[in-house]
DNA sequence: CGGCGCCTTGAACCAAGTCAAGCTCTGTGG
DNA sequence: CCACAGAGCTTGACTTGGTTCAAGGCGCCG
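Residue numbers (the working numbering), protein chains in the order written: chain A, 5 to 233; chain B, 5 to 233.
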């Protein structure tokens with residue numbers, strides 16, 4: 005369990021290239037540094053549901069350790085993972101009062117939970133907070149638009165784009181994948197077999213290395229960039 | 005050209021089912037009823053560019069007549085139309101200071117243009133306006149997420165979903181399509197041939213009628229609903 | 001060591017794409 | 001009023017990228 009102190013000093017990490025909206029240049033990482041906003045440490049186990057589609061969106065979550073998948077399922081069972089969130093990311097704000105998607109812990113995770121009502125109360129006194137939360141919604145929109153572009157690409161392009169994105173997010177050419185092939189498949193709109201085959205192809209072309217099935221090393225970024233679309 | 009008066013009385017129409025965010029229940033249609041906010045009537049011709057990707061997002065547009073496509077192009081020329089906007093819709097706010105997408109008039113259109121700086125100035129004095137603009141970004145996010153879900157479906161499901169959405173938006177079973185087959189194809193991530201064939205199939209199954217190529221009549225909504233998911 | 005979850009690989013299949021031809025409007029000029 | 005040119009749409013025949021089905025391998029934990 006996390007100490008109270010750890011909670012207080014935590015800050016929200018924001019993607020560097022946020023196409024900052026009609027928003028002051030102050031990054032959203034400042035958003036939760038207010039002493040009035042104290043989060044509660046929580047943990048979830050592997051595959052545990054954090055919230056479900058349609059439930060009231062009463063909390064925001066900042067990941068301290070582990071990874072989370074955000075997804076929706078169609079009636080016939082097809083699953084679309086709209087995003088993965090990694091350590092340092094904030095999730096839980098799809099923009100509505102109800103969650104538009106479900107969220108599950110991929111492995112065991114630690115998060116800090118913030119009550120929405122607290123934020124809203126703060127927001128009433130400080131317009132800047134509203135702007136920053138708006139900025140977060142705008143960032144989610146940006147991600148969604150990128151994902152749409154990804155889904156019209158070929159299988160190889162999707163897989164390569166995914167690897168490049170992951171590499172950027174962990175700021176390393178060596179990626180420890182927290183999610184299964186099935187998760188990746190449901191994120192990219194492909195099947196596990198296609199993911200697996202594409203990984204193998206890329207490896208045999210010396211573009212990537214796969215020391216273990218959950219570990220990928222980018223070996224030729226220039227070539228990968230070209231393949232990404 | 006529109007009269008000044010027409011401009012003043014115009015209101016923003018907002019989709020009914022906006023999953024209203026952390027937002028007061030006041031609909032965003034109130035947003036631009038302020039007497040301080042006066043828009044300028046403008047017109048664009050068929051296929052004319054309204055703004056391009058990367059340009060500063062200095063204006064918001066409310067469509068008075070006609071339809072608009074919002075799109076991005078990949079390096080190799082593939083085009084993804086992320087949304088169509090119809091008469092009454094507002095567009096131009098992808099959430100950033102720069103446009104994430106390009107916008108073109110599909111046919112001849114009339115719009116009312118609002119200067120962003122005016123809104124921002126108002127927003128500084130009135131937190132409610134910020135919340136409402138946030139709500140619009142949240143709505144765009146919702147749309148993008150629905151579109152992602154659409155892109156993992158089969159061709160027939162995509163086409164049917166598209167027709168149902170259009171029907172809902174014009175609130176009629178008779179749809180006058182302002183856009184070409186190519187536009188629809190680029191919106192659904194398919195080819196014109198597939199769009200055309202799917203339309204023909206649906207027609208021969210008596211699910212829809214196609215009196216003219218730009219006009220579609222939904223004849224069996226229950227069956228179409230079943231095919232959509 | 002054995003069982004189970006996850007991953008890889010192969011072979012057959014199929015939905016959608018590609019290529020190609022022809023049709024149907026619509027507007028324009030003779 | 002008709003001819004005809006061009007853009008947009010439809011349809012058919014063929015190809016193909018990705019899925020499906022099936023078998024087997026790897027690694028981890030009890």
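Cβ coordinates follow ideal geometry from the N, Cα and C atoms, glycine included.
Worksheet item: At which residue ranges does the region 124-185 of chain B contain complete alpha helix (DSSP H) runs of 4 or more residues, listed in the order of the chain?
Response: 131-155 and 159-174
Discussion item. What does the alpha-carbon distance come out to for the pair residue 207 (chain B) and residue 158 (chain B)?
Written reply: Position 203 of the second chain holds residue 207 (chain B). Position 154 of the second chain holds residue 158 (chain B). C-alpha of residue 207 (chain B) to C-alpha of residue 158 (chain B): approximately 18 Å in a straight line.
Practice prompt. Name, in chain order, the residues that DSSP records as bridge partners for residue 221 (chain B).
Written response: Along the second chain, read from residue 1 onward, the residue named residue 221 (chain B) stands at position 217. Answer is B:178 and B:213.
Practice prompt. With a threshold of 16 other CB atoms inside 10 Å of the CB of residue 186 (chain B), please say whether the residue is buried or exposed.
Written response: Sequence index remark: in the second chain, residue 186 (chain B) carries index 182 (1-based). Exposed, because fewer than 16 other Cβ atoms sit within 10 Å of the Cβ of residue 186 (chain B).
Discussion item. Between which two residues does the alpha helix (DSSP H) holding residue 199 (chain A) run?
Written reply: Counting from 1 along the first chain, the entry for residue 199 (chain A) is found at position 195. That run of the alpha helix (DSSP H) goes 196-208.
Discussion item. Can you tell me whether residue 230 (chain B) is buried or exposed? The criterion is at least 16 other CB atoms within 10 Å of its CB, across all chains shown.
Written reply: The residue labelled residue 230 (chain B) in the question sits at position 226 within the second chain. Residue 230 (chain B) comes out exposed.
Discussion item. Measuring straight from C-alpha to C-alpha, what distance separates residue 74 (chain B) and residue 130 (chain A)?
Written reply: In the second chain, counting from the first residue as 1, residue 74 (chain B) sits at position 70. In the first chain, counting from the first residue as 1, residue 130 (chain A) sits at position 126. Whole-angstrom Cα-Cα distance: 34 Å.
Discussion item. To the nearest angstrom, how far is the alpha carbon of residue 105 (chain B) from that of residue 232 (chain A)?
Written reply: Taking the second chain and counting its residues from 1, one reaches residue 105 (chain B) at position 101. Taking the first chain and counting its residues from 1, one reaches residue 232 (chain A) at position 228. Looking at the two C-alpha atoms, the distance is approximately 20 Å.
Worksheet entry | Segments of 3+ residues assigned as beta strand (DSSP E) that fall wholly inside the region 83-125 of chain B | 83-89, 106-109 and 113-119
Worksheet item: With a Cβ-Cβ cutoff of 8 Å, do residue 199 (chain A) and residue 210 (chain A) count as a contact?
Response: Residue numbering aside, residue 199 (chain A) sits at position 195 when the first chain is read from its first letter. Residue numbering aside, residue 210 (chain A) sits at position 206 when the first chain is read from its first letter. Against a cut-off of 8 Å, the Cβ pair of residue 210 (chain A) and residue 199 (chain A) comes out as no contact.
Fill in: Neighbour-count burial assignment, residue 162 (chain A), 16 or more Cβ in a 10 Å radius
For this step, residue 162 (chain A) is matched to residue 158 along the first chain. Result: buried.
Fill in: Short Cβ contact (8 Å threshold) for residue 50 (chain A) with residue 112 (chain A)
Walking along the first chain from the start, residue 50 (chain A) turns up at place 46. Walking along the first chain from the start, residue 112 (chain A) turns up at place 108. Yes, they are a contact pair.
Fill in: Residue nearest to residue 141 (chain A) in terms of C-alpha spacing, selected from A:44, A:152, A:221 and A:64
Locating residue 141 (chain A) in the first chain gives position 137, where the first residue counts as 1. Comparing Cα-Cα distances from residue 141 (chain A) to each of A:44, A:152, A:221 and A:64, the minimum goes to A:64.
Discussion item. Would residue 134 (chain B) and residue 72 (chain A) be called neighbours here (beta carbons separated by less than 8 Å)?
Written reply: Locating residue 134 (chain B) in the second chain gives position 130, where the first residue counts as 1. Locating residue 72 (chain A) in the first chain gives position 68, where the first residue counts as 1. Against a cut-off of 8 Å, the Cβ pair of residue 72 (chain A) and residue 134 (chain B) comes out as no contact.
Worksheet item: Can you list, in chain order, the residues of the region 191-211 of chain A whose Cβ is nearer than 7 Å to any Cβ on chain B?
Response: 193
Practice prompt. Select from B:47, B:226 and B:220 the residue whose C-alpha is nearest the C-alpha of residue 114 (chain B).
Written response: Looking up residue 114 (chain B) in the second chain gives position 110. Residue 114 (chain B) has its Cα closest to that of B:47, out of B:47, B:226 and B:220.
Item to complete: Evaluate the contact criterion for the region 148-158 of chain A versus the region 143-154 of chain B: three or more CB pairs, one atom per stretch, below 8 Å.
Response: yes
Fill in: Alpha-carbon spacing of residue 26 (chain B) relative to residue 139 (chain B), whole angstroms
Translated into the one-based positions of the second chain, residue 26 (chain B) becomes position 22. Translated into the one-based positions of the second chain, residue 139 (chain B) becomes position 135. Model confidence at residue 26 (chain B) stands at a pLDDT of 37, short of 50, so the residue's coordinates are unreliable and nothing is read from them.
Fill in: Cα-Cα separation, residue 100 (chain A) to residue 144 (chain A)
The residue given as residue 100 (chain A) occupies position 96 in the first chain. The residue given as residue 144 (chain A) occupies position 140 in the first chain. Taking the straight line from one Cα to the other gives about 12 Å.
Fill in: Minimum C-alpha distance to residue 192 (chain B) - residue among B:216, B:223 and B:164
Position 188 of the second chain, counting from 1, holds the residue named residue 192 (chain B). The shortest Cα separation from residue 192 (chain B) among B:216, B:223 and B:164 belongs to B:164.
Item to complete: Give the DSSP-derived three-state secondary structure of residue 230 (chain A) in the structure shown.
Response: In the first chain, residue 230 (chain A) corresponds to position 226, counting from 1. Residue state, collapsed to three classes: helix.
Fill in: Neighbourhood of residue 224 (chain A) by C-beta, 7 Å cutoff - its chain only, sequence neighbours within 5 removed
Here residue 224 (chain A) corresponds to residue number 220 of the first chain, with the count starting at 1. Hits under 7 Å: 210 and 211.
Worksheet item: Mind listing which residues of the region 67-90 of chain A have their C-beta closer than 8 Å to chain B's C-betas, in chain order?
Response: 76, 78, 79, 80, 82, 84 and 86
Item to complete: Pull up the DSSP beta-bridge partners for residue 76 (chain B), would you.
Response: Residue 76 (chain B) sits at position 72 when you count from the first residue of the second chain. Answer by DSSP bridge pairing, in chain order: B:84.
Worksheet item: Got a sec: which bits of the region 121-136 of chain B sit with their beta carbon under 9 Å from any beta carbon on chain A, in order along the chain?
Response: 123, 124, 127, 128, 130, 131, 134 and 135
Worksheet item: Taking C-alpha atoms, which residue in A:146, A:69, A:126 and A:78 lies nearest to residue 87 (chain A)?
Response: Within the first chain, numbered from 1, the residue matching residue 87 (chain A) stands at position 83. Closest by alpha carbon: A:146.
Discussion item. Using a Cβ-Cβ distance cut-off of 8 Å, determine whether residue 214 (chain A) contacts chain B.
Written reply: Working through the first chain from its first residue, we reach residue 214 (chain A) at position 210. Judged by the 8 Å Cβ criterion, residue 214 (chain A) is not in contact with chain B.
Worksheet item: Does residue 92 (chain A) have its Cβ less than 8 Å from a Cβ in chain B?
Response: In the first chain, the residue the question calls residue 92 (chain A) occupies position 88. No, its Cβ sits nowhere closer than 8 Å to a Cβ of chain B.
Worksheet entry | Proximal chain A residues relative to residue 148 (chain B), where beta-carbon distance stays under 7 Å | For the purposes of this step, residue 148 (chain B) is identified with residue 144 of the second chain, where counting begins at 1. Simply 145, 148, 149 and 152.
Discussion item. List, in chain order, every chain A residue whose beta-carbon is nearer than 8 Å to that of residue 155 (chain B).
Written reply: As a position in the second chain, residue 155 (chain B) is number 151, starting the count at 1. Within chain A, the residues near residue 155 (chain B) are 152, 155, 156 and 193.
Discussion item. Can you tell me whether residue 192 (chain B) is helix, strand or coil according to DSSP?
Written reply: Taking the second chain and counting its residues from 1, one reaches residue 192 (chain B) at position 188. Reduced to three states, the DSSP call for residue 192 (chain B) is helix.
Discussion item. Rounding to the nearest angstrom, what Cα-Cα distance links residue 184 (chain B) and residue 170 (chain B) in this structure?
Written reply: For the purposes of this step, residue 184 (chain B) is identified with residue 180 of the second chain, where counting begins at 1. For the purposes of this step, residue 170 (chain B) is identified with residue 166 of the second chain, where counting begins at 1. Whole-angstrom Cα-Cα distance: 14 Å.
Worksheet item: What first and last residue would you give for the beta strand (DSSP E) that runs through residue 64 (chain A)?
Response: Walking along the first chain from the start, residue 64 (chain A) turns up at place 60. Run containing residue 64 (chain A): 63-69, per the beta strand (DSSP E) assignment.
Practice prompt. Inspect the beta-carbon positions of residue 222 (chain B) and residue 181 (chain B) and report whether they are closer than 8 Å.
Written response: Taking the first residue of the second chain as position 1, residue 222 (chain B) is located at position 218. Taking the first residue of the second chain as position 1, residue 181 (chain B) is located at position 177. No, the pair does not count as a contact, with Cβ atoms beyond the cut-off.
Practice prompt. Please list the partners that residue 58 (chain B) has in chain A, where partner means a Cβ-to-Cβ separation under 8 Å.
Written response: Position 54 of the second chain, counted from the first residue, corresponds to residue 58 (chain B). By Cβ distance, chain A contributes nothing, its closest Cβ being about 10 Å from residue 58 (chain B), past 8 Å.
Item to complete: Count the other CB atoms, across all protein chains shown, that sit within 10 Å of the CB of residue 53 (chain A); report buried if there are 16 or more and exposed otherwise.
Response: The residue given as residue 53 (chain A) occupies position 49 in the first chain. That one is exposed.
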